[in-house]
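So the structure is just underneath, and the comments pick up after that.
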Amino acid sequence: MHVQACAEGKAVRDVRLSRLRRGRGAPAEGGTVAGADVRVLTKRDVTWAVRLTDLENWGYTRADLERLLALEPLGCFVARLAGKRVGITCSTTYDKLAFIGAVIVHPDARGKHVGEALMTATLDYLDRSGVETARLNAYLHVVPFYETLGFRGEYENVRYHGKVAAGGALGSARPATPDDLPTIAHFDSFYFGARRDRLLARLLAEFPRTFLVARDEGGVRGYIVANADGGSAEVGPWVANPTMPEVAGDLLHALLARLGPAQLGLTCPGPNEHHARMAVELRLETAFRTLRMYRGRDAYHGLPGGIFALAGLEKG
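Per my numbering, the very first residue in the sequence shown carries number 19; after that it's consecutive.
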């Protein structure tokens, strides 16, 4: 399991732009901000990047980073100081909406504006890609850093974790198939605020056993995905009609029936009114909170009340 990194740095300059681009930016193929050289992250960097995230005990795996690269091969960046790699950031685009995450700077390079350089490169890439709204999920103590880049707060997310028992019968939930993806993506976009076809297809390909869907004659009512490995599972995305919380519960119990006893982790958006009760019922503990922030156009909100777990802090 893994969580969103906090970006390094203090307030650098108060910028409140309606567009995503900040200043001249750093070109994707390499640029310099405050002494840091930024270039596109490649597969050759993945082993090093995993070691970097290990310094913060994120639990990132090679598969996690390769997934981000596959989703946005030109939107992941590495920063260097004096030719030495010192930080990374990744972005994932959903047409006019994007999420930024996996922002980390090596402890030895903090305080040298590396975080600013990485964010500038990322925002410049998103601007060139036609993104209108950039979002991220920030640890509360680094919110001021992102505010200097023009991000504004929306609402808090709550991170839960804990050991859970096996669930009951599968019920009406079943493993999703490729034929389900178009209708799942359409259903999902209503709550997420944009279509996530590429992400959903990737998750189904990676986790066919733990990608479950609930549907009836009226269509899709909800779905749930888990990245499970070695007795632990990261749950999300998990989306269901909030007026039918029993569907969300059925999906979760069907998933737990497949997982067996597991160490569970998931992040729930604050506007979902069911997450606190769910955490109590499962005896999950609150690990921390993050603030969802946006920059650019105040749009693509979706209906977060129907999102029971994020796809990941770095992917939204």
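Each residue gets a CB set at the ideal place from its N, CA and C atoms; glycine is no exception.
Beta-carbon proximity of residue i to residue j, cut-off 7 Å
i, j, result
"Ala212", "Tyr112", "yes"
"Ala244", "Val253", "yes"
"Ala183", "Pro279", "yes"
"Gly330", "Tyr209", "no"
"Leu136", "Gly105", "yes"
"Ala272", "Leu230", "yes"
"Ala10", "Ala232", "In the structure displayed, the chain extends from 19 to 334; residue 10 sits before or after that span and is not available."
"Ala203", "Thr228", "no"
"Leu92", "Val64", "no"
"Ala219", "Leu199", "yes"
In DSSP terms, what residue i is bridged to
i, result
"Asp234", "Gly237"
"Asp247", "Ser250"
"Asn175", "Pro287 and Thr308"
"Trp256", "Ile242 and Ala327"
"Asn155", "Arg310"
"Phe95", "Val58 and Thr107"
"Lys114", "Answer is none; Lys114 lacks a bridge partner."
"Ile122", "Ile106"
"Arg192", "Val231"
"Lys181", "Gln281"
"Arg80", "Bridge partners of Arg80: none, in fact."
"Arg170", "Tyr312"
"Glu303", "His179"
Alpha-carbon to alpha-carbon, residue j and residue i
i, j, result
"Thr60", "Ile122", "16 Å"
"Leu270", "Tyr241", "9 Å"
"Leu83", "Leu73", "15 Å"
"Gly41", "Leu141", "Caution is warranted here: a pLDDT of 38 is assigned to Gly41, below 50, making its placement in the model unreliable, and the coordinate value is therefore given only provisionally. Approximately 10 Å, taken between the alpha carbons."
"Ala44", "Glu264", "Caution applies to Ala44, whose pLDDT of 38 falls short of 50 and renders its modelled position unreliable; the model cannot decide the point."
"Thr79", "Pro226", "19 Å"
"Glu299", "Gly283", "15 Å"
"Leu321", "Asp268", "21 Å"
"Val238", "Pro289", "22 Å"
"Glu235", "Thr138", "48 Å"
"Lys102", "Tyr143", "22 Å"
"Glu332", "Ala116", "10 Å"
"Val160", "Gly189", "43 Å"
"Asp206", "Ala54", "39 Å"
"Asp126", "Ala251", "32 Å"
"Trp256", "Gly334", "12 Å"
"Thr201", "Arg146", "30 Å"
"Trp66", "Asp197", "37 Å"
"Phe326", "Arg62", "35 Å"
"Gly119", "Leu221", "18 Å"
"Ala88", "Glu303", "33 Å"
Close Cβ partners of residue i (< 7 Å) along its chain, the five nearest in sequence each way excluded
i, result
"Arg301", "Gly180"
"Leu70", "Ile106, Ile122 and His124"
Beta-carbon contacts of residue i that lie in its chain and below 6 Å, excluding the five residues immediately before and after
i, result
"Ala349", "In the structure as shown, the chain starts at 19 and stops at 334, and residue 349 therefore has no counterpart that could be examined."
"Glu174", "Gly288, Arg307 and Leu309"
"Phe169", "Met311 and Arg313"
"Leu328", "Gly254 and Thr285"
"Tyr164", "Ala156 and Met311"
"Leu317", "Looking at the sequence provided, one finds Ala at residue 317 rather than Leu. Excluding positions up to five away in sequence, the list reads Thr151."
"His319", "Gly211"
"Leu277", "Ala246 and Ala251"
"Gly171", "Leu309 and Met311"
Beta-carbon contacts of residue i that lie in its chain and below 8 Å, excluding the five residues immediately before and after
i, result
"Glu90", "Cys108, Ser109, Thr110 and Thr111"
Would the stretch 295 to 312 and the stretch 149 to 168 be scored as touching if the rule is three or more Cβ pairs under 8 Å?
yes
Would you call the stretch 283 to 299 and the stretch 199 to 219 in contact, with 3 or more CB pairs under 8 Å?
no
How about the stretch 117 to 133 and the stretch 95 to 106: do they share at least three Cβ pairs that are nearer than 8 Å?
yes
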